[in-house]
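Enquirer: Let me give you the structure first, and then I'll get to my questions.
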Amino acid sequence: MPAPLNAVVTGSTSGIGLGIAAAFAENGMNVMLNGFGDADEIEATRAGLEKKHDVAVRYNGADMTKPEEIRALMSEAETAFGQVDVLVNNAGIQHVSKIEEFPEEKFDAIIAINLVSAFHTTKAAMAGMKQRGFGRIINVASAHGLVASPFKSAYVAAKHGIVGMTKTVALEGAEFGVTANAICPGYVKTPLVEKQIPDTARERGISEEDVIKNVMLGPQPTKRFVEVAEVGALACFLCTDGAASITGAALQIDGGWVAH
Ligand code: NAD
């Protein structure tokens, strides 16, 4: 395992991606942040992580719907750090709607951000990882990469798709020390989930309280949201030599959701 490891985490200005980036920095890894948000807040996060953990933290605001910007992000990370050892494809959006009313542009955007962007980043990172004999590709899928829920046609399609792509990348990297795994979280209380509470209440004709209690936490036997830090800890473990034989896996971190 090279040291220190250099990581790119897409969609890391918020929620799970930020949690993974922070956990990486805490473990001595250099990190390239990516995502949207207020420029001053992003800079404060970047500088804060860098200072607190004495690692290099950079930011590139590439839009994951734009292949040329994704290529520029990967190339900037390679130039700044010398190499990219760890790639976390995490950027994602959600839209909750019946399929007959699902806006076409939303469907396309979800597929582009949640699935196709991971193709472009992986394509850019794979050759170097194989050549150096070490790489960790971590795709943040979802429990919705394994099972479906109504009103999430685009999201469920994208997440099942990324689980499939993970398996292919794992097979291609297997003899070169490159692992690829999908992390499949249940509900984590991030802005992405908070935004879908009112939409789900509307689609199902129930209260927002019922959405949290019955739709989100109902299927999670632990009856609590998964913590961002728990996902960060799993991502950190996947980067270690101890995780070298874990590849092509869809790792549930969902409080037992898909177990029943
Ligand atoms: P979030 O909204 O907190 O964060 C999403 C991140 O993606 C942000 O940094 C945002 O700026 C970035 N992003 C969005 N569109 C982008 C674009 N076009 N280009 C670049 N960056 C973009 O959401 P989250 O809950 O932390 O979600 C992160 C990932 O985890 C997603 O892939 C999501 O599907 C997955 N996930 C979330 C949950 C959950 O319950 N929160 C569960 C399972 C999987």
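Numbering follows the working numbering, in which position 28 of the sequence shown is assigned residue number 28; successive positions increment by one, without gaps.
Backbone N, C-alpha and C fix where the C-beta goes; we use that ideal spot for every residue, glycine too.
Under the criterion of a Cβ to heavy atom distance below 8 Å, does A143 qualify as lining the ligand NAD?
Expert: Counting from one through the sequence shown, the residue named residue 143 turns up at place 143. It does: the Cβ of A143 is within 8 Å (strictly closer) of some heavy atom of the ligand NAD.
Enquirer: On a Cα-Cα basis, can you pick out the residue from T168, I162, G145 that is closest to Y187?
Expert: Stepping through the sequence shown from its first residue, residue 187 is reached at position 187. With distances taken between Cα atoms, Y187 lies closest to G145.
Enquirer: On the three-pair Cβ rule with 8 Å, is the stretch 39-49 touching the stretch 92-100?
Expert: Because the criterion of three Cβ pairs below 8 Å is not met, the stretch 39-49 and the stretch 92-100 do not touch.
Enquirer: Go ahead and pull the three-state DSSP assignment for P2.
Expert: Mapped onto the sequence shown, residue 2 falls at position 2. It is coil, neither helix nor strand.
Enquirer: Among all the DSSP beta bridges, which residues are the ones paired with T179?
Expert: Numbered from 1 along the sequence shown, position 179 holds the residue referred to as residue 179. DSSP lists R136 as partners of T179.
Enquirer: For the ligand NAD, any of its heavy atoms closer than 8 Å to the Cβ of T13?
Expert: Counted from its first residue, the sequence shown places residue 13 at position 13. T13: yes, Cβ under 8 Å from the ligand NAD.
Enquirer: Per DSSP, what are the beta-bridge partners of M165 in this structure?
Expert: Your numbering for residue 165 matches position 165 in the sequence shown. M165 pairs with nothing; no bridge assigned.
Enquirer: A158 to I110, Cα distance in whole Å?
Expert: For this step, residue 158 is matched to residue 158 along the sequence shown. For this step, residue 110 is matched to residue 110 along the sequence shown. Taking the straight line joining both Cα atoms gives about 7 Å.
Enquirer: Out of curiosity, what's the CA-to-CA distance linking V57 and V31?
Expert: What you label residue 57 is simply residue 57 of the sequence shown in a count that begins at 1. What you label residue 31 is simply residue 31 of the sequence shown in a count that begins at 1. One C-alpha to the other measures close to 5 Å.
Enquirer: How would you write the range of the alpha helix (DSSP H) that I20 sits in, first residue to last?
Expert: Position 20 of the sequence shown holds residue 20. Where I20 is concerned, the enclosing alpha helix (DSSP H) stretches over 15-26.
Enquirer: Kindly indicate the opening and closing residues of the alpha helix (DSSP H) around R202.
Expert: Within the sequence shown, the letter at position 202 stands for residue 202. Residues 191-204.
Enquirer: Alpha carbon to alpha carbon, what distance is there between G11 and A259?
Expert: Taking the first residue of the sequence shown as position 1, residue 259 is located at position 259. Taking the first residue of the sequence shown as position 1, residue 11 is located at position 11. Those two C-alpha atoms are separated by around 28 Å.
Enquirer: Using a Cβ-Cβ cut-off of 8 Å (strictly less than) and excluding sequence neighbours within five positions of P4, which residues of its own chain qualify?
Expert: Taking the sequence shown and counting its residues from 1, one reaches residue 4 at position 4. If we look at P4 and ignore the five residues flanking it on each side, its Cβ neighbours are G28, M29, N30, V55.
Enquirer: Rounding to the nearest angstrom, what Cα-Cα distance links E104 and A143 in this structure?
Expert: Numbered from 1 along the sequence shown, position 104 holds the residue referred to as residue 104. Numbered from 1 along the sequence shown, position 143 holds the residue referred to as residue 143. Those two C-alpha atoms are separated by around 24 Å.
Enquirer: For the alpha helix (DSSP H) containing A250, list its first residue and its last residue.
Expert: Here the question's residue 250 lines up with position 250 in the sequence shown. Segment 250-253 is the beta strand (DSSP E) holding A250; no alpha helix (DSSP H) there.
Enquirer: Using the beta-carbon count (16 or more within 10 Å), is N214 buried or exposed?
Expert: Residue 214 sits at position 214 when you count from the first residue of the sequence shown. Per the 10 Å Cβ criterion, exposed.
Enquirer: Could you pull the start and end residues of the alpha helix (DSSP H) that V88 belongs to?
Expert: Stepping through the sequence shown from its first residue, residue 88 is reached at position 88. Unbroken run through V88 is the beta strand (DSSP E), 86-89; no alpha helix (DSSP H).
Enquirer: Keeping to the same chain, check which residues put their C-beta closer than 7 Å to that of I197; ignore five residues upstream and five downstream.
Expert: Reading the sequence shown from its first residue, position 197 is the one you call residue 197. So the qualifying residues of the chain are E208, V211, I212.
Enquirer: So R46 is in the alpha helix (DSSP H); what residue range does that whole segment cover?
Expert: Taking the sequence shown and counting its residues from 1, the one referred to as residue 46 is at position 46. Per DSSP, R46 belongs to the alpha helix (DSSP H) from 39-53.
Enquirer: For G205, which residues in the same chain have their Cβ closer than 6 Å to its Cβ, ignoring the five residues on either side in sequence?
Expert: Here residue 205 corresponds to residue number 205 of the sequence shown, with the count starting at 1. None.
Enquirer: Nearest by alpha-carbon distance to I20: which of I253, G248, C236 is it?
Expert: The sequence position of residue 20 within the sequence shown is 20, counting from 1. With distances taken between Cα atoms, I20 lies closest to C236.
Enquirer: Between the stretch 151-166 and the stretch 61-68, do at least 3 Cβ pairs fall closer than 8 Å?
Expert: In short, these stretches do not touch, since the Cβ pair count stays below three.
Enquirer: Can you tell me the Cβ-Cβ gap for G92 and V228, rounded? I've got them flagged as a contact below 8 Å.
Expert: Here the question's residue 92 lines up with position 92 in the sequence shown. Here the question's residue 228 lines up with position 228 in the sequence shown. The Cβ separation is near 14 Å, so there is no contact.
Enquirer: In whole angstroms, what is the alpha-carbon distance linking L73 and K195?
Expert: The residue you call residue 73 lines up with position 73 of the sequence shown. The residue you call residue 195 lines up with position 195 of the sequence shown. Looking at the two C-alpha atoms, the distance is approximately 28 Å.
Enquirer: If distances are taken between C-alpha atoms only, which option among G17, E78, L115, T179 comes closest to L192?
Expert: Here residue 192 refers to the residue found at position 192 of the sequence shown. Nearest C-alpha to L192: G17.
Enquirer: Measuring CB to CB, does V169 end up less than 9 Å from M216?
Expert: Mapped onto the sequence shown, residue 169 falls at position 169. Mapped onto the sequence shown, residue 216 falls at position 216. Their beta carbons are not under 9 Å apart, which means V169 does not touch M216 by this criterion.
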